[in-house]
Amino acid sequence: MSEQNKKRLLEGWKKGVAILTAATAIMANAVPVLAMDEMEPFYDVAAGHWAHQAIYKLAQAEIVSGYDGGQFKASNSITRAEFTTIIVNALDLDLSNDDTQFEDISAQAWYRAAVAAASENRLINGVGENRFEPEASITRQDAAVVLANALSRYDTAITAGKGSGFTDENQIAAYAEEAVITCVGYGIFHGNPDGTFLPQRAITRAEAAVIITAFVEMINGKELEMPRVVRTHASMLQLRDGAVKVSESQEEADATIVAQRVYEIYNGDSVTMGSVIAGKQEHSVCVERFELEGAQGNLIYFDASSKAWKTNELKESLIQSSCLILQTEEGSEYLIYTPKVYKHLENGSLEYLDEMDGHLEIAETNTGYSISVIAPGIPDNCSADYMYVHSVGNALFDWNRSNTLDYWSLYPLDGDARWCYDGFYFPAPSTYIPSGENIYYQCIAAYLCKSFAYGAPYHPVSMDLTIATLETMLRLQNDHGYFPTQSLSTWLLEDYNIGANFFDTRFNTDLIGIFHYISDWSDCKEFDESIRAYFEFFLAFAEDHHYETESGGWLVQDYWTPQAHKTSHSSLNHQVAEIILLYRYAKVFNASELEACADKMLAGIRDTMPEWIMRDGNLHYARYPDGTYGGVDYPYLTYNDLLELQTLIQEKYGSPNPYIQALMASKKTWMDANQITEYNKQ
């Protein structure tokens, strides 16, 4: 490719993405940040995010920008119109003629001229019947077609690979086969770890950034630079008893990225979360260093082999432990979670590299001790995530409680429950892509946050961690108002054509329920704003996505995605949990619309009560789209939900609901017959 063509394409690309981000931001009711020197960091793209380097390279080159407030919204999909506009402007095509044969593009559409130019220059095709579907998400195979057509305009000497070799190549449409082979050969597209290409999956903004980076670097003949840059940002949370200052910083130098978020809590404590991506060579990194004054102190650490706590006096040593407590001579305490190294996989998942755990190094100084938190080695496409809590002159734990260390044995964060810089992770089920040993998915239900919340009345550190971890989870809320599950569920895809970044009603209900649990002592308006946004979404969702019962009741569907898909089932445990949450927040917000929705959903259970009961007394799991009831209920989860709902109804109306009682009685008989005793008694 000639240097003139390279320069022309790169300049056109910058122009195209500037127009795209402006248009996207306007549609999202946000204002784009147009200049890098004025731009705040993308606080929703953690240092460990799999697309972080691509996103920031493009931002540094002023090729892409984010949204007002410093968000990039990496999980949002990119539309056919947006992607087409990028390519058209990259190629600097003539936009003077906006005549197009596509009937679904209005005369006022901001992308009309770009689509017309793309069609005229044979970059794109419609979807049939003179339609383009501009607002639909662009799929991987269709993006490959557009890029391959764009590349064909240049005298490139690069030779593409032969054959796709993907295990699902039979799912690639005939019109896209050659384009996929071309883009893979150029290194613009890559397959998935399981050997698939997933041609019909929608592309997210994060994936688009990676594709764009590869495209630009190939055309430009060199990597985009990622120079040293330090960004900081601060905000406040106002809780009932005081303010929490949230400060964020990100430093990039020599391809090493250090991101840190600090919560300065009104009680004098602070919580620090960090994530480090090493440079081009694997090396150890000191992520934190504390200088302790005084000759005395204790180190309490969790020994993974014995699953027990051990206590030593401070002395020069190297301690390998996931969780440690430092007690200083002046009475201050640290709770330290040492770095764990994770490889970043597709669909927001992580692979834990269990041979690369961090450690603590203690060295004597003239005035006391120097404590270093070390991440021993961080390979490419991996990050080391860590966290610590610090009190000044106060205890983090209530040591007067006899079971304090036993209680905290539940939270070494080295088992199923993992906390990373961008939220809570849990072992991926076998039906998720990816899955396997040491594979974790970002779990919106945030079980760990709930556990911290339970301990908040007893230990200051639990309250500290509750505030910090829940604030982190709120960052995952998308523009629609819900908290998406990034993983790809094979059964959701097969049964309902629901792909990654889906809405799971139960996960979202469980997360919002934690905020209600702490509302008595938190009373945080910033939290409430996000919760109100969620309910605004949920009410609209329930209105449009339910099965109506005989008396006008609703059985709300469990799963949803903005992309086209089949309607999903409605399960009893999801339905009951949602009703509980709606009733509770109807009282908190004095919101009659929430109560009305809950009433309709309760009526849905009333109308269908006999259908839920199986012949053996157990309950069916779900009502399916064809109107049948089937599947086997959880052993006791739904019973616990029914019990909680019945208790709430008793408090609200003064008497129990007979239909809920009938379901509980049947389930209880079945549990007793099968020696299931773990259910809640009251």
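The sequence shown: position 227 = 584 (the working numbering), numbered continuously. Cβ coordinates follow ideal geometry from the N, Cα and C atoms, glycine included. Keep in mind the model is a prediction, meaning the values are calculated, not measured.
Residue i (DSSP reduced to helix, strand or coil)
i: residue 1003; result: helix
i: residue 942; result: helix
i: residue 391; result: Residue placement at residue 391 cannot be trusted, given a pLDDT of 26 that sits under 50; what the coordinates show is reported in the next sentence. Residue 391: coil per DSSP, three-state reduction.
i: residue 804; result: helix
i: residue 870; result: helix
i: residue 929; result: helix
i: residue 696; result: strand
i: residue 890; result: helix
i: residue 746; result: strand
i: residue 1018; result: helix
i: residue 570; result: helix
i: residue 618; result: strand
i: residue 903; result: strand
i: residue 765; result: helix
i: residue 603; result: strand
i: residue 1023; result: helix
i: residue 665; result: strand
i: residue 1046; result: Beyond the ends of the chain as shown, which are 358 and 1039, falls residue 1046; an answer cannot be given.
i: residue 841; result: coil
i: residue 707; result: strand
i: residue 998; result: helix
i: residue 951; result: helix
Cα-Cα separation, residue i to residue j
i: residue 698; j: residue 806; result: 21 Å
i: residue 927; j: residue 936; result: 13 Å
i: residue 720; j: residue 558; result: 52 Å
i: residue 522; j: residue 545; result: 16 Å
i: residue 970; j: residue 962; result: 12 Å
i: residue 500; j: residue 700; result: 27 Å
i: residue 739; j: residue 403; result: 12 Å
i: residue 782; j: residue 756; result: 29 Å
i: residue 748; j: residue 709; result: 30 Å
i: residue 707; j: residue 798; result: 6 Å
i: residue 1020; j: residue 985; result: 18 Å
i: residue 664; j: residue 762; result: 11 Å
i: residue 872; j: residue 821; result: 14 Å
i: residue 856; j: residue 434; result: 11 Å
i: residue 540; j: residue 826; result: 40 Å
i: residue 804; j: residue 833; result: 15 Å
i: residue 1039; j: residue 674; result: 49 Å
i: residue 496; j: residue 486; result: 19 Å
i: residue 1032; j: residue 998; result: 19 Å
i: residue 567; j: residue 975; result: 49 Å
i: residue 1034; j: residue 1010; result: 29 Å
i: residue 461; j: residue 505; result: 25 Å
i: residue 736; j: residue 705; result: 18 Å
CB contact below 9 Å: residue i versus chain B
i: residue 545; result: The structure shown contains no chain B; it is built from a single protein chain.
Within 9 Å, strictly: CB atoms of residue i and residue j
i: residue 647; j: residue 678; result: no
i: residue 862; j: residue 901; result: no
i: residue 824; j: residue 879; result: yes
i: residue 752; j: residue 633; result: no
i: residue 431; j: residue 561; result: yes
i: residue 867; j: residue 790; result: no
i: residue 945; j: residue 1002; result: no
i: residue 621; j: residue 650; result: no
i: residue 743; j: residue 693; result: yes
i: residue 1036; j: residue 1025; result: yes
i: residue 498; j: residue 554; result: yes
Of the listed residues the options, nearest to residue i (C-alpha basis)
i: residue 950; options: 903, 480, 981, 897; result: 897
i: residue 959; options: 903, 989, 663; result: 903
i: residue 482; options: 463, 457, 465, 464; result: 457
i: residue 1040; options: 681, 952, 925; result: Because the chain here runs from 358 to 1039, residue 1040 falls outside it and cannot be looked at.
i: residue 718; options: 768, 645, 530; result: 645
i: residue 848; options: 895, 453, 831, 788; result: 788
i: residue 995; options: 673, 798, 983, 977; result: 977
i: residue 766; options: 681, 695, 778; result: 681
i: residue 455; options: 449, 905, 891, 467; result: 467
i: residue 478; options: 494, 444, 484; result: 444
i: residue 724; options: 507, 555, 652; result: 652
i: residue 851; options: 919, 817, 865, 923; result: 923
i: residue 473; options: 1009, 438, 911; result: 438
i: residue 891; options: 912, 865, 843, 906; result: 865
i: residue 1071; options: 776, 754, 859; result: Any question about residue 1071 goes unanswered here, given that the chain covers just 358 to 1039.
i: residue 655; options: 508, 676, 662, 964; result: 676
i: residue 773; options: 630, 442, 574, 785; result: 785
- Task: Take every Cβ of the segment 881–890, pair it with every Cβ of the segment 591–602, and state whether three or more of those distances are shorter than 8 Å.
- Result: yes
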